[in-house]
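First the structure, in the form of C-alpha cells, and then the observations on it.
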Amino acid sequence: MDTDVYRTIKRPSEGSYAEKRSRFLAFATPVGTADEAMQHVREYRKKYYDARHVCWAYMTGADRSTFRVNDDGEPSSTAGKPILGQINSNELTDILIIVVRYYGGVELGTSRLTAAYRTAAALSIAAACIEERTVDITFSLTFDYARLDSIMKIIKEEQVAVISQSLNMSCEMTLRVRKNLYEQLKSRLNKVC
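Going by this note's numbering, the letters in the sequence shown line up with residues 80 to 272, in that order.
Here's what the structure looks like:
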C-alpha cells in the first residue's frame, strides 16, 4: 500500500446486533480529530441516555497513530478493544465507532460480550462506503508574472490542485499535491523559478 494513501468511510453508517435480549446499536462516523470524535461521543451519550452502555473506539491520522477506546462500565477490554479491532482489521482511520448497548437482563459473559461488540462494529463497517484518500501537502509559491506560462504548464502536467492564486507583477499561488509527488514537483518548479 502507498504510504500516502489511507482508507476511511465516506459518510456515517449503522449496524445492529442482538444477543440474549441485549441490543447493540453500532454507529460508524467519519472524524478528522480526537476532539471531533469526543464531541460525537457526548452527543450519542445524550441521545441514548437510557442505554446501559455507550462504548466506543476511534482512530485518526493517515498514519493511524492516534486512537482511543472506552468500555463505559463493561468488563475491561470487552467493548472498546473489539471495536478498535474491527477498525484495525479493515485498515481504517479517521473513524469513530460507537456501540450503544441496551441490556436485556441476561449476563453474556466476557467472550460473548466481546463477540457482540465486535460483530456490531463489523456490521456498521459493512454498511459503510469505504474510500481511499491521499495524503496531500499544501504549499505556497511566489514568482514573477513572466514565469506564469511555465508554472502553469508544470501544474497542468503534474495535475496539481490550485487552491488560490493572485496574479499580478508578483504572483502567488497556493497549491495542493499528493505527498509522494511533492519532491518531484518542487524540483521542477525550482528550475523554472
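Note that beta-carbon positions come from the ideal geometry of N, C-alpha and C, so glycine has one too.
On the criterion of 16 or more Cβ atoms from any shown chain inside 10 Å, does residue i qualify as buried, or is it exposed?
i	result
E153	buried
K270	exposed
G159	buried
T108	buried
V120	buried
M80	Unreliable positioning characterises M80 in this predicted model, as indicated by a pLDDT of 45, which lies under 50. The coordinate reading is nonetheless provided below. Per the 10 Å Cβ criterion, exposed.
M252	buried
E262	exposed
Between residue i and residue j, how many whole angstroms is the CB-CB distance? I'm expecting something under 8 Å.
i	j	result
S101	G183	4 Å
T139	T172	6 Å
E256	I204	Correcting the residue identity first, residue 256 is Val in this sequence and not Glu. Contact flag wrong, Cβ pair sits at about 30 Å.
A130	V179	5 Å
F106	I166	Going by Cβ atoms, the distance from F106 to I166 rounds to 13 Å, so no, they are not a contact pair.
Among the options, which has the Cα closest to the Cα of residue i?
i	options	result
D150	L268, M248 and W135	W135
T87	V179, A207 and K160	A207
S144	K126, L163 and V133	L163
P91	C272, N259 and V110	V110
Y137	R226, E170, K125 and R131	E170
K265	F218, M117 and D83	F218
Q238	S245, L254 and L227	L254
D142	V214, S243 and L246	V214
L104	E93, E98 and E186	E93
K235	L268, D83 and S190	L268
Y224	M248, Y123 and E211	M248
V185	V148, E98, R124 and T198	E98
I209	I230, I174, R197 and A195	I174
What residues match up with residue i in a beta bridge as DSSP calls it?
i	result
Q244	M252
I216	V256
S101	E98
Y137	R147 and L175
E210	T87
E93	F106
T276	Residue 276 lies beyond the residue range present for the chain, which begins at 80 and ends at 272; the question has no answer from this structure.
D223	S249
> Which parts of the segment 139-202 are runs of the beta strand (DSSP E), unbroken and 3 residues or longer, counting only runs that do not cross its ends?
Replying inline: Uninterrupted beta strand (DSSP E) stretches at least 3 residues long and entirely within the segment 139-202 occur at 145-149 and 174-181, given in chain order.
> Curious, which full-length alpha helix (DSSP H) runs of at least 4 residues does the segment 105-133 contain?
Replying inline: DSSP runs (the alpha helix (DSSP H)) wholly in the segment 105-133: 113-126.
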